[in-house]
Amino acid sequence: MAEVLAFEHVSIAYDSRAGRQNILNDVSFVIGEGEALGLVGESGCGKSTVALAAMHYLPRGMSLTEGRIRVEGRDLARLSADELSRIRGNRIAMVYQDPMSSLNPVMPIGRQLMEVPLLHGETDERAAFRRAVAMLEEVRLPAAEAMMERYPHQLSGGQQQRVVIAMALMAEPALLIMDEPTTGLDVTIEAAILALVRDLRAKFGTAILFISHNLGTVARVCERIGVLYAGRLVETGSIATVFRSPVHPYTRGLLGALPRLSGGHRRGRLRPIDGTIQAADRARLGCAFAPRCSFAARRDCEERPVVMVAIDAAAQHLVRCARIDAVVAGSAVDGPPASATATNDQAPIVLSVRNLSKEYRLTSLFGGDRKGAVRAVTGVDLDARAGETLAIVGESGCGKSTLARIISGLLTATSGEVTLDGVDLAGISVDDRPPDTRRRIQMVFQNPDSTLNPSHSIAYALTRPLRLLRDLASGEAKAEVLRLLAQVRLPSEMADRMPHQLSGGQRQRVAIARALAGNPGVVVADEPVSALDVSVQAAILNLLGELLEQSQLGLVLISHDLALVRHMADWVAVMYLGRVVEYGPADQVFSPPYHPYTQALLLAAPTPDPDAPPVVVLEGSMPSPTDTILGCPFASRCPERIAGLCDTTPPPIRRFGEHRISCHLEIDAERAQPPAEAGGRTGMRSSSA
Amino acid sequence: MTEKLHPIVEKAGREFADGKLERREFLRLAVLLGVAAPAAYGMAGLAAPAMAQGMPKKGGIVRIGMRVQDISNPHTYSWIESANSGRQVLDYLTVTGIDNVTRPSLVQKWEATPDLKTWTLHLRRDVTWRKGRKFTADDAIWNLKRVLDDKTGSSVVGLFKGFILTEFDDGQKDAKGNPRKSVRLWDANAVQKVDDFTVKLNGQSANLSIPESLFHYPLLILSPEDGGKFGVGSDGTGAFELVEHEVGKRSVFTARKDGYWGGGPYIDRFEIIDLGDDAAAQVSALVSKQVDMIYQGAISTLPTIEKLTHIQVNSVDTGYTAVARTHPIKPFDDKRVRQALRYATDNEAVLKGALRGLGKPGEHHHVAPVHPEYADIGYLKRDVAKAKALLAEAGYPNGVDVTIDARPQPDWELLAVQIMVEQWKEAGIRTKINVMPSAQYWENWTKVPFGFTTWAHRPLGTMILGLAYRTGAAWNEANWSNAEFDKLLTEAEGYLDVEKRRAVMAKLERIMLDEGPVVVPVWRAVFNFSDKKIKGYKIHPSIYIDAKDVWIDA
Amino acid sequence: MTEISHDLAASRLASASLVGAEAADAGPLGKVYSVVTRSPLATVGATILLTWCLLALLAPWVAPYPPNQIDVALVADPHPSAQHWLGVDHLGRDILSRLIWGARTVLTVAPIAVLGAVMLGIFLGLLSGYRGGMIDVVIMRVGDTLLAFPKIILYLIIIAKFGASAFNIIAVITLSSAPIIARIVRGVTLDIKNRDYVAAARMRGESAFFIMFVEILPNARGPLIVDFFLRLGYTTIAIGVLGFLGVGLPPPDPDWGGMVKEAYGMIFVWPHMTIIPSLAISSLVIGANFLATGLREAALDG
Amino acid sequence: MLRYSAKQLLNMALTLFAVSFLVFALNELSPGDVARKVLGPYASQSQVDYLTVQMGLDRPVLVRYAEYMGKALAGDFGDSVVFRQPVSALMFDRLGNTLLLAAISFAVIVPLSIVLGVLAGMRERGWFDRAVSVFSSMCASIPEFAMGVFLLGIFVVWLGWLPGTSPLRSDTGWSLWMQFVLPVLVVTFYDAGYLIAMVRSSMVEVMRQPYIRTALLKGMSFHGVVRRHALRNALITPFTVILLQLNYLVSGLVVVETLFAYPGFGRLMLEAALTKDIAVIEAGTLIAVSVTMLTQLFGDLGYMALDPRIRV
């Protein structure tokens, strides 16, 4: 197998005022013809630098300090600018994370596609045009010729990414580098893109360097994987080997920290990796992971360089660890433990939502509502119970965040009820709620970068709610701040820090402490861990789990991540286009019968399972919330749509005890299918869509 | 000289012979009363001013940098600049020369009755309008009657008030609700046509200065056919025709082709170019030879001009000044404070600093050496110690804090104020300067408690004192009132005998020096700049410019 | 944000927190110092500004002569000499002394005017952005109307009507700049008010004013500080222009623009009288602009 | 787009209305002044009063405003009391001169700013970028009158190459073109300084965008990327700003016009303000404000045309 891309002991450094920083350190790997290598790692591990280094395109200040990078045998560092131009886009092409910003906003996409062949030898405009149209068809974009005239902003995110992929494949390159190509896309879109990549790869035989933070997506595309930590490859091998029998403590940690769809409900049982990655780790002489590793030994791990060691030469399974024996002997990879607690539907209801709707009227120039309305939330019924988690799951735009904000009072509902302690709060903004009511519902926000005011200290963030919600004197508040910090496992000296001095996970802990400051009855957490790395996320989820066990707190958890929901939730509501399509105790929602949408979500969810093949589960994207929906909101994408019924008549609600499904299909035990990981998927179309 | 001399001229001649009357004053009187100027010069034993600097040459263009204003209503001109446009095309009945002597123009000869109430004007018979018509008494009378009509809004009215105009209550109210006064001719026959070339002004009281008043700059003689309007192509008796006029940009005059009744013109074309108010821009224009003359010099440009070899500075001493004047309110209600102000001022330094020495130091009374009745009562030397003592006496041992209002144009005024303010500071009179744009200043000039006000040149000392310092006078901006001063002033105005007037004037001057409301720092010379190739030009104290007198000799 | 910027951001964070640590030790002044010294442009700008500030502050001690002391005799040769390093003006006043005292004027009037505008602008911008609705519409409408006036014409109209004084100049600059600042603040507010920490503040029941001034405002300080220095420069120009047009600060106290105007007519013989104050005003504005540009760059670098 | 324009025009009319009333009210509260100005400081009060009534200035402000607006809408802006001629004639002549100066300056400034800004911004922090940044920052920092003084000192006083004034007359010994050199230079330095910085920062911003990387990694040469991908994007933001310079070029040239005795609109406004020539101030303000708002409108429309993402 001919080598397409090779990294030989590559080190890359970044020079800044603060001095030289290592970004990559002794990275070596080879990608052969038609091979797909996945590179995984958490933020700051240097994986994007690998991608850009492969294109010989490093940001200002970064330079190759050691090693060589070869593309099809040619050392990139020795190529002239012209030679590089001939390789780029031609022999290697790249697909980027954010397709919208990767496309020129003021140029029709057709033109952008045609540029590739025109730059690489094609002289005939018409030929280039035909090639572009053909390639758009290859990436399964509808009405390819019409598409050529459109501007990027006129396309959906999924379509944009297909365009970028088409552009990358225009010259039929030997190597395709994909840098987080599906991050930011909804799970059903992601699944479709991954399936497309797999199909195209089969067709064109392109080698792929696939970079992702998500073990699950890598598993769907690649056969080999490399794990990066702090600029070093710590483990490489086939997907099957690495996922089934990981050796490096970090790889093990990553896999252990991940909640799984198949894992069932087990609060507080994830295995987070202690600590966080530090910039200084990249400069360590020894193992970069040593400070966080429970097996680390001073002499072996810190005082001398640690080199890659082949565990299984045949399988090309290499590990950079000085204590392999201890690790392998010391612990087994966790199997899925049994479910801890069962859903207790006897728990008292603390908050109930009834027939809740929220509309935004679009006003036209002269007032009035000619343009109709955005129906963000329509007719939602839910209950949150003390000591339990109600998870609201759905893709972006489904209305889950709006619902969360109505519950917390940041928005007010158009109609319906939100009842807390017998009082309807649906129409009362948080600004107008009496302090005691305000205290009872608190919120944890998604983005750790903006959850804390960068201008004020941690103590401020915790003291203000204590003063306002609980009317504590400053002395009492001070003591209470320390108690709260302890409760979220933060050292007391954090009180004097400013937010920028904290890591994302620490900030999220402070945000949780802040929500707890008022002794709330209900905490609404809107995607509380989605911006965090896996290893950090696990710790936060564990913390939330503990809090639930310790108190009678009702947690309303908003998330797009089914695995996480599976892990955390006692009750689950699946939302689509502002409506709850399925609702019930978690165990029942995650087992048949399913709403077709729930089923699609479950199938699409990328799981770190080497055996799970990609499937195209849904076509298209969610309708606009301004569209008037007569029948079932899911009708336009439902693979089992009953023409003439689903799109004209609102679906009936089918009840299975506490479990409700809103669907026209006759759902019974026959139809009930286990989730993807459990095997069968009859009745659903597979990747041929 | 066959005609009979006016009795006053005879008397004046005797006084002159006796040495009681200054030459200049005699000349002025004699000419005013109808003696032809050369004759008067002869009587005074003076050579008439030589008009010629060599032989005038014909042809060429002269460009002058001057504001080009709206000139459509000559009778209401309130700017010399407008009049300088109008006078190229239109003539006056009389002309007062640079020597303060009034000479005939359209009026060839005039005579007054001994009581000075009736003036007979004999018009030239050889004048034709450019469009061909003969100039007659009807033309003169139409113009006179028009400017004397209150509705026209001409400033000529002020000069004839009391003589042939009388004030009456027109039954209307003014803006403040007070009964409004209008003026009208006191008698239907006040302006009388004697024959086609003779006009008689029948006054109700004596007036000595009628010939000078006829040269008041709005009193341009228009063709009645133009209905009081003036513009491109308008008819005129003057030496030029206006062929182009763009406000704010330029005016172009071409020499009258059918010949002018007087001397000149020598040049073919006279252009006025608007260079704006900025003095520097004017100099730039002169330096780069975009213009040959600047209408009026600014002090700030003098240093530059003095270095330019092709430019000459034309200047003439005048009774122009600007005075720092006070209202009788604290602290200036005490005459010692006002005296202190005068003692604190170093007039020579002001003259040097603000006017670069062009002029004469002021003497703190508003009668200039160029005035005939000027009495030299000595120059008040600066005495800071005395000023301080006076302030202390007045109850201000620590000095006073006051604000003086001034305007930014012309530039020398603000310079003078700054210099005086620095001088006063040494005596403990700490002064803040409040600069108002000119327009605003003229809305407030009589109202501000302490201000610096321009006063134009007037031929007689008594005139200016009567305008500005008599109790209740309209322009008594100082609100000053001194019964003795008023009495003496009236007495002085009654003397035709200049020596008698001078004697009284000395007293008036002393009163002003002792308790007057003003600081008169300087007598300003009026000056402007012209290219040395421009010949025949003499600067007039009022900067009247007659293009017909100049020629080019490169 | 792409992953590569994560990689970079991580290393930047390290250096930033380094700076942060320094700052924590050195206090806010130390932080400003460290930010300023990071950009050569800002260093140059700050040096120029500081020099003028020092000269202004120490004017009574460093100015060799009283600024308004007139010595008509000196006008005979006004050029720079051993006694008068920068020469004297047309009234024999020492130009160096007038520059130094003039710095005092401009460095009082300009910052006060800008501060006035900033305070008014902040208040209106916060109110407009945070409250929205009719308040927003009214404030922005009035602001737009004011902004529709070309600035110089607005200055001329108002100053011609009410006269030239330090107070009027400050008022007119405040009035004409406040809408722009209000716009900036409104924009930042619209952005920040949707941040989670503002929602958190609402969740605990902070008053609208508290949120505006304690939660939002401090986070708008970056752009506002940059804008302050930029505006300081432009205001210095504006004051100079007013002086040059003859509607500036009243004499005799030295006003740089006024100095240029007074001596402009003599530029052909005594160019130093106009060129020197022109250089002074230019240097001050350059200082302010360099500092602002440098600060902005430093801020973008994180 | 049509609807947007209509809305903006309506807005504009309202603003103009507000502006006109503000100026009118500010200046016309003391009616006696007008007649006094017409007749000069030495006229008697009775003459002034006479004229005040004759001109109808004794009536309430609102009545006069209504009358004024009525006439103004018909194109009659009244008479200038200082220049004694209809404002419209006066104004359009001066405006014409200013527009000429503005047009020449604009024609110099825009290409210069775009070229320098793009060249500087395409390689952020390169030596050329540094040089251009410092240069443009300095240009924008030097007030026009100071720049005028410097240039006048060099080219007129020292070298004598150029005329010191620009009265726009061809018979002054200097050609019209020579008369335009200094005013245009001063305007250019001051304004281009600002615009270059604008274009540069927009270019820098664009060059940081991922789509530039996309284009480079397609194999396009750096200059090809700059030309084909960066340029249009980089000009979107400055476009509006560039158009807004027209405001400055119409009503902000007072300093340059004063420096060089250029018979333009700005100087007219300065004189009108100093002499309180209300009719001129009023008409001039309306014109200036209209120019502002029209350029804003065109700026918005152009912006929409340039950027396919923005559609109204």
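If you're matching them up, the sequences are chains Y, S, D and U in order.
Numbering-wise (the numbering used here), the first sequence opens with residue -14 and increments by one.
Numbering-wise (the numbering used here), the second sequence opens with residue 13 and increments by one.
Numbering-wise (the numbering used here), the third sequence opens with residue 4 and increments by one.
Numbering-wise (the numbering used here), the fourth sequence opens with residue 4 and increments by one.
Here a beta-carbon is modelled for each residue, glycine too, at the ideal position from N, C-alpha and C.
| Asked | Found |
| --- | --- |
| So, with DSSP's three-state summary, where would you put Thr108/Y? | coil |
| 8 Å is my cut-off, CB to CB: does Gly167/U come that close to chain S? | yes |
| Between Ser609/Y, Gly248/Y and Gly216/Y, which has its C-alpha nearest Ala554/Y's C-alpha? | Gly248/Y |
| What are the start and end residues of the beta strand (DSSP E) that includes Leu341/Y? | Ile334 to Arg346 |
| Which residues of chain D have a Cβ atom closer than 7 Å to the Cβ of Pro310/S, listed in chain order? | The amino acid occupying residue 310/S in the given sequence is Ala; Pro does not appear at that position. Ordered by position in chain D, the residues that pass the 7 Å Cβ test against Ala310/S are Gly268. |
| Any Cβ of chain S within less than 8 Å of the Cβ of Ala264/U? | yes |
| Distance, Cα to Cα, Asn10/Y vs Ala62/D? | 59 Å |
| Can you list the beta strand (DSSP E) stretches of 3 or more residues lying completely in the stretch 178 to 265 of chain U, in chain order? | none |
| Do the stretch 235 to 244 of chain Y and the stretch 514 to 525 of chain Y make contact, defined as three or more Cβ pairs closer than 8 Å? | yes |
| Report whether the distance from the Cβ of Ala268/Y to the nearest heavy atom of the ligand FAD is below 7 Å. | As presented, the structure is devoid of all ligands, the ligand FAD included, so that no description of it is given. |
| Given Phe430/Y, which residues of its chain have a CB within under 7 Å of its CB, disregarding the five upstream and five downstream residues? | Thr436, Ala496 and Asp511 |
| Quick test of the definition: if touching needs 3 or more C-beta pairs under 8 Å, does the stretch 272 to 284 of chain D touch the stretch 97 to 115 of chain D? | yes |
| For Thr106/S and Leu171/S, what's the separation of their Cα atoms in angstroms? | 15 Å |
| Along the alpha helix (DSSP H) that carries Asp96/U, what are the first and last residues, could you check? | Val90 to Met125 |
| Who are the neighbours of Met223/U on chain Y, taking C-beta pairs under 8 Å? | Ser70, Gly74, Glu100 and Leu104 |
| Beta-carbon of Ala26/D versus every beta-carbon of chain S: anything under 8 Å? | The pLDDT assigned to Ala26/D is 38, lower than 50, so where the model puts this residue is not dependable; a value taken from the coordinates is nonetheless given after this. Output row for Ala26/D: interface = no. |
| Just list the beta strand (DSSP E) runs in the stretch 45 to 123 of chain Y, keeping only unbroken ones of 3 residues or longer that don't cross its boundaries, in chain order. | 47 to 56 and 77 to 80 |
| Please return the same chain residues whose Cβ sits closer than 8 Å to the Cβ of Thr178/S, not counting the five positions on each side in sequence. | Val195, Arg196, Leu197, Trp198 and Gln216 |
| Please confirm whether Leu427/Y has its beta-carbon closer than 8 Å to some beta-carbon of chain D. | Leu is not the amino acid found at residue 427/Y; the sequence shown has Gln there. Closer than 8 Å: yes. |
| Just to confirm before moving on: does the CB-CB distance between Gly364/Y and Tyr561/Y stay below 8 Å? | no |
| Given that a residue counts as buried once 16 or more other Cβ atoms are within 10 Å of its Cβ, and exposed if not, what is Arg348/S? | buried |
| Let me confirm a value: Glu25/D is counted as buried when at least 16 other C-beta atoms fall within 10 Å, else exposed. Which label applies? | Because Glu25/D carries a pLDDT of 37, less than 50, the predicted location of this residue cannot be relied on, and no value is offered for it. |
| Between the Cα of Ala401/S and those of Lys364/S, Gly440/S, Ile389/S and Ala366/S, spot the shortest distance and give me the residue it belongs to. | Gly440/S |
| For Ile8/S and Gly288/S, what's the separation of their Cα atoms in angstroms? | Nothing can be reported for residue 8/S: it is not among the residues displayed for chain S, which extend from 13 to 566. |
| Is it the case that the stretch 250 to 261 of chain D contacts the stretch 130 to 138 of chain D, given that we only count it when at least three CB pairs across the two stretches are under 8 Å? | no |
| Tell me the residue span of the beta strand (DSSP E) that contains Arg115/S. | Thr114 to Pro116 |
| Could you pull out every residue in the same chain whose Cβ sits closer than 8 Å to the Cβ of Arg256/Y, ignoring the five residues on either side in sequence? | Gly238, Gly241, Ala242, Asp319 and Ala523 |
| Starting from the beta carbon of Gln212/U, find every residue of chain S whose beta carbon is closer than 7 Å, and list them in chain order. | Simply none; closest approach about 49 Å. |
| Determine the burial state of Ala161/U: buried for a count of at least 16 other Cβ atoms within 10 Å of its Cβ, exposed for fewer. | In the sequence on display, residue 161/U carries Trp and not Ala. With fewer than 16 Cβ atoms within 10 Å of its Cβ, Trp161/U is classed as exposed. |
| Where does Pro553/S sit, in a helix, a strand or coil, going by DSSP? | coil |
| Does the structure place the stretch 199 to 209 of chain S close enough to the stretch 242 to 259 of chain S that three or more beta carbon pairs sit under 8 Å? | no |
| What's the C-alpha gap between Thr50/Y and Gly216/Y? | 13 Å |
| Within the stretch 181 to 223 of chain Y, note down every full beta strand (DSSP E) run reaching 3 residues or more, in order along the chain. | 192 to 197, 209 to 214 and 217 to 223 |
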